């Protein structure tokens with residue numbers, strides 16, 4: 009990979025290669041984690057950071073995909089011009105982008121950002137991206153193509169509900185942390201079990217931070233009713249900005265519910281409704297809102313397991329920016 013994918017006010021997005029970069033042995037001196045539940049206001053806060061001092065590393069599993077802009081609440085052109093963003097529009101939505109890919113690309117992003125004399129800010133809501141960037145990856149066995157294809161055939165025959173029920177039997181710990189509709193992760197967990205005879209959850213993640221990392225970890229929060237209101241407003245905004253047209257464009261591209269990028273909230277509801285032929289746009293919107301609320305609860309549960317998090321009210325932007333500015 010000749011140059012990492014980046015959007016900034018000075019340089020348009022260019023794609024030199026989609027091959028995975030090599031993970032560097034020491035890709036950072038300092039780094040900021042900025043996380044919180046969906047709809048809390050992470051993107052809005054980034055506008056207040058000094059682009060001469062900071063660059064953003066996207067840590068959202070859907071925003072890495074091209075063509076998925078509105079449903080993923082991707083930063084708009086104003087934000088992308090205000091501060092450089094890495095790992096936005098890296099892959100096509102029919103391609104897999106694993107947590108291992110994220111760690112490798114984020115490592116290279118941090119290396120490039122530090123080489124510019126700036127501090128990387130990992131910002132997003134995909135909790136396991138932060139976890140594995142911080143601690144590293146579990147030593148699970150590599151993917152087995154034969155097992156994967158056999159499982160894909162069984163899932164196609166028996167359905168997603170069967171696959172999740174099977175996972176709940178053989179690896180209940182993984183079933184508790186994987187959403188039933190996240191078929192990529194459900195399939196991967198089943199593949200590990202079928203291939204090794206051991207549940208994925210038995211492969212432990214390292215307990216010490218990589219490279220002795222000591223990031224500034226900021227968690228954003230809002231009161232429950234306020235967050236619900238923000239989520240409702242966010243969904244309404246998606247529809248008003250053209251989410252339905254974005255879905256139509258994806259269908260014209262040949263998209264279906266099996267694409268990895270379409271497993272995210274804001275997309276999967278449309279393709280599930282299209283498959284069943286039963287839901288109206290109003291019902292799809294309500295389903296997106298409900299799924300977003302449930303997801304926000306799961307995100308907060310995971311984020312609260314992090315040690316040394318400085319929890320800040322998302323409305324207190326001045327204090328949050330001052331805290332980041334004081335960290336060098």
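Residue numbers (our numbering): 9 to 336.
Ideal placement from N, C-alpha and C gives every residue a C-beta, glycine not left out.
These numbers were taken from a predicted model, which means no experiment stands behind them.
Measuring CA to CA, which of the options is closest to residue i?
i           : options               : result
residue 199 : 232, 139, 163 and 130 : 163
residue 157 : 203, 207 and 119      : 203
residue 76  : 333, 135, 248 and 97  : 97
residue 268 : 130, 257, 194 and 48  : 194
residue 78  : 296, 304 and 325      : 296
residue 290 : 302, 265 and 243      : 243
residue 84  : 245, 308, 283 and 318 : 245
residue 235 : 153, 40 and 323       : 323
residue 109 : 120, 125, 141 and 91  : 141
residue 187 : 95, 134 and 105       : 134
residue 70  : 160, 151, 102 and 170 : 102
residue 259 : 274, 249 and 279      : 279
residue 122 : 38, 294, 92 and 255   : 38
residue 281 : 308, 252 and 171      : 252
residue 91  : 117, 107, 58 and 116  : 58
Kindly indicate which three-state DSSP category residue i falls into: helix, strand or coil?
i           : result
residue 66  : strand
residue 129 : strand
residue 43  : strand
residue 94  : strand
residue 137 : helix
residue 314 : coil
residue 142 : helix
residue 211 : coil
Is it the case that the Cβ atoms of residue i and residue j are separated by a distance below 8 angstroms?
i           : j           : result
residue 67  : residue 143 : no
residue 149 : residue 65  : no
residue 43  : residue 132 : yes
residue 315 : residue 213 : no
residue 338 : residue 182 : In the structure displayed, the chain extends from 9 to 336; residue 338 sits before or after that span and is not available.
residue 226 : residue 331 : yes
residue 50  : residue 126 : no
For residue i, count neighbouring C-beta atoms within 10 Å of its own C-beta (all shown protein chains included) and say buried if the count is 16 or more, exposed if not.
i           : result
residue 299 : buried
residue 63  : buried
residue 223 : buried
residue 241 : exposed
residue 418 : With the chain running from 9 to 336 in the structure shown, residue 418 is simply not present.
residue 230 : buried
residue 113 : buried
residue 277 : buried
residue 271 : buried
residue 336 : exposed
residue 72  : buried
residue 286 : exposed
residue 334 : exposed
residue 46  : buried
residue 86  : exposed
residue 179 : buried
residue 215 : exposed
residue 220 : exposed
residue 326 : exposed
residue 284 : exposed
residue 93  : buried
The beta strand (DSSP E) with residue i in it runs from where to where?
i           : result
residue 320 : 318-321
What residue does the alpha helix (DSSP H) around residue i start on, and which one ends it?
i           : result
residue 108 : 107-123
residue 292 : 289-311
residue 226 : Note, residue 226: premise wrong, no alpha helix (DSSP H); beta strand (DSSP E) at 224-229.
residue 168 : 168-178
residue 87  : 85-90
residue 8   : Lying before the first or after the last residue shown, residue 8 is absent from the chain, which here runs from 9 to 336.
residue 266 : Segment: none, residue 266 is in no alpha helix (DSSP H) and carries neither H nor E.
residue 202 : 191-204
residue 336 : No alpha helix (DSSP H) contains residue 336, which DSSP labels as neither H nor E.
residue 75  : Where residue 75 is concerned, there is no enclosing alpha helix (DSSP H), given that its DSSP letter is neither H nor E.
Would you say residue i faces chain B, with C-beta separation under 8 angstroms as the test?
i           : result
residue 186 : No chain B appears in this structure, which consists of one protein chain only.
When you measure from the CB of residue i to every non-hydrogen atom of the ligand ADP, does any distance come out below 7 angstroms?
i           : result
residue 170 : Of ligands this structure carries none, so the ligand ADP is not represented either.
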